[in-house]
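Single-structure report; data block below.
Numbering (our numbering), first residue to last: 989 to 1248.
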């Protein structure tokens, strides 16, 4: 079942994308409102609110949640402060690509997940990476032009919301790094270079990680097509949806379960 795209409940393109991806996943699940959910990497809490609309018991964690976020436990996915077999579903959205020790993270998530539970993780795809690299210079020209014309860019999540993932705030970057960033986009996750990140964002990489960590991939979801930049936000939604269904999605989600 695909998401109804005519209505949008967010002025933020970033939040809209997360919302529609979440709704696509939830529409495909046979879910029970009484299931207990662990959300890993809650960030600003926008998806936490969505989760609480569908489930009665939601526990959200983040290593450095937004100051505006409420009811989020400060915790590391590699050291979860929960009992064994406590959750029915472990959910994350665009988080695992930022985790250095995936083996430890999967071990902890499996530990707190019930034996018949599910994990649902979404991550950027290699398509997203291609778009990031090929369109970065256009985005830089757009930023410079808008700055000269004193035009505000479309609303999206503040990049400094993810300071806990990237290490330092953008305003503290060296001038050389800022100038280079106008030509070459920054690494998104934990890879050492762009080629490595492209390879890591392919489904084959994640499927290998799941298998090595004794997880079965039950289903892969092609979510939506978008660039990392604010190109035509809220436009061409049906065309994007069609292209993503053909396999060219910017984000893939994986439904996993433990080996039994």
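Each residue gets a CB set at the ideal place from its N, CA and C atoms; glycine is no exception.
| said: So the candidates are 1021, 1020, 1053, 1214; which of them puts its Cα closest to the Cα of residue 1034? | reply: For the purposes of this step, residue 1034 is taken as residue 46 along the chain shown, with counting starting at 1. Checking every option, the nearest Cα to that of residue 1034 belongs to 1053.
| said: Helix, strand or coil for residue 1009? Go by DSSP, reduced to three states. | reply: What you label residue 1009 is simply residue 21 of the chain shown in a count that begins at 1. Helix at residue 1009.
| request: Quick one: grab the DSSP three-state call for residue 1184. | output: Counting from one through the chain shown, the residue named residue 1184 turns up at place 196. It is helical.
| task | With a floor of 3 residues, list each beta strand (DSSP E) that falls wholly inside the segment 1037-1061, ordered by position along the chain. | result | The qualifying runs are 1045-1050.
| task | Along the beta strand (DSSP E) that carries residue 1114, what are the first and last residues, could you check? | result | Start at 1 with the first residue of the chain shown, and residue 1114 comes out as number 126. Premise fails: residue 1114 lies in the alpha helix (DSSP H), 1114-1137, not in any beta strand (DSSP E).
| request: With distances taken Cα to Cα, identify the nearest neighbour of residue 1202 among 1248, 1124, 1067, 1026. | output: To locate residue 1202, count along the chain shown from 1; it is residue 214. Just measuring C-alpha positions, the residue of 1248, 1124, 1067, 1026 sitting nearest residue 1202 is 1248.
| said: Quick check: residue 1051 and residue 1032, are their CB atoms within less than 8 Å of each other? | reply: As a first step, residue 1051 must be located in the chain shown, where it is residue number 63. As a first step, residue 1032 must be located in the chain shown, where it is residue number 44. For residue 1051 and residue 1032, no; Cβs fall outside 8 Å.
| task | Could you tell me the distance, in whole angstroms, from the CA atom of residue 1067 to the CA atom of residue 1133? | result | In the chain shown, residue 1067 corresponds to position 79, counting from 1. In the chain shown, residue 1133 corresponds to position 145, counting from 1. Roughly 45 Å separates the two Cα atoms.
| request: Can you tell me which of 1194, 1216, 1217 puts its alpha carbon nearest to the alpha carbon of residue 1206? | output: The residue labelled residue 1206 in the question sits at position 218 within the chain shown. Looking at 1194, 1216, 1217, the one whose alpha-carbon comes closest to that of residue 1206 is 1194.
| said: Going by DSSP, what residue range makes up the beta strand (DSSP E) through residue 1080? | reply: Counting from 1 along the chain shown, the entry for residue 1080 is found at position 92. Segment 1075-1081, the beta strand (DSSP E) holding residue 1080.
| query | So, are the CB atoms of residue 1045 and residue 1058 less than 8 Å apart? | reply | What you label residue 1045 is simply residue 57 of the chain shown in a count that begins at 1. What you label residue 1058 is simply residue 70 of the chain shown in a count that begins at 1. No, Cβ-Cβ distance for residue 1045 and residue 1058 is not below 8 Å.
| message | Let's see if you can read the secondary structure: which residues bound the beta strand (DSSP E) around residue 1204? | response | Residue 1204 sits at position 216 when you count from the first residue of the chain shown. Note, residue 1204: beta strand (DSSP E), 1203-1210.
| Reference residue 1083, options 1234, 1198, 1178, 1186, closest by Cα | Looking up residue 1083 in the chain shown gives position 95. Answer by Cα proximity: 1178.
| request: From the DSSP output, in three-state form, read off residue 1232 for me. | output: Residue mapping note: residue 1232 aligns to position 244 of the chain shown, counting from 1. Correct three-state label for residue 1232: helix.
| message | I need the boundaries of the alpha helix (DSSP H) containing residue 1193, first residue and last residue. | response | Counted from its first residue, the chain shown places residue 1193 at position 205. Looking at the DSSP string, the run of the alpha helix (DSSP H) that includes residue 1193 is 1191-1200.
| request: Using three-state DSSP, classify residue 1065 as helix, strand or coil. | output: Within the chain shown, numbered from 1, the residue matching residue 1065 stands at position 77. Correct three-state label for residue 1065: coil.
| message | So, with DSSP's three-state summary, where would you put residue 1015? | response | Residue numbering aside, residue 1015 sits at position 27 when the chain shown is read from its first letter. Here residue 1015 sits in helix by DSSP.
| request: Please list, in chain order, all residues of the same chain as residue 1242 whose beta carbon is under 6 Å from its beta carbon, the five residues on each side excluded. | output: Locating residue 1242 in the chain shown gives position 254, counting from the first residue. Once the five neighbours on either side are set aside, the close Cβ partners of residue 1242 are 1109, 1205, 1208.
| Per DSSP, residue 1240 is paired with what? | Along the chain shown, read from residue 1 onward, the residue named residue 1240 stands at position 252. BP columns for residue 1240 point to 1111, 1210.
| request: Would you grab the beta carbon distance between residue 1080 and residue 1061 for me? Rounded to a whole angstrom, and I think it's under 8 Å. | output: Along the chain shown, read from residue 1 onward, the residue named residue 1080 stands at position 92. Along the chain shown, read from residue 1 onward, the residue named residue 1061 stands at position 73. With a Cβ gap of about 14 Å, residue 1080 and residue 1061 do not count as contacting.
| Residue range of the alpha helix (DSSP H) that includes residue 979 | Limits of the chain in this structure are 989 at one end and 1248 at the other, which puts residue 979 out of reach.
| said: Here's the rule I'm using: 16 or more other beta-carbon atoms within 10 Å means buried, otherwise exposed. How should residue 1200 be labelled? | reply: Residue mapping note: residue 1200 aligns to position 212 of the chain shown, counting from 1. Answer is exposed; the Cβ neighbour count stays below 16.
| said: Given a cut-off of 8 Å on the beta-carbon distance, is the pair residue 1215 and residue 1123 in contact? | reply: Here residue 1215 refers to the residue found at position 227 of the chain shown. Here residue 1123 refers to the residue found at position 135 of the chain shown. Closer than 8 Å, so yes.
| field | Contacts around residue 1101, its chain only, beta-carbon distance under 6 Å, and the 5 residues preceding and following it disregarded | value | Translated into positions along the chain shown, residue 1101 becomes position 113. Correct list, in chain order: 1075, 1078.
| residue 1025 - containing beta strand (DSSP E), residue span | Taking the chain shown and counting its residues from 1, one reaches residue 1025 at position 37. First-last of the beta strand (DSSP E) with residue 1025: 1024-1028.
| Who does residue 1245 pair with in a DSSP beta bridge? | Mapped onto the chain shown, residue 1245 falls at position 257. Answer is 1204.
| said: Is it buried or exposed, residue 1232, if we count other Cβ atoms within 10 angstroms and call 16 or more buried? | reply: Counted from its first residue, the chain shown places residue 1232 at position 244. By the 10 Å Cβ count, residue 1232 comes out buried.
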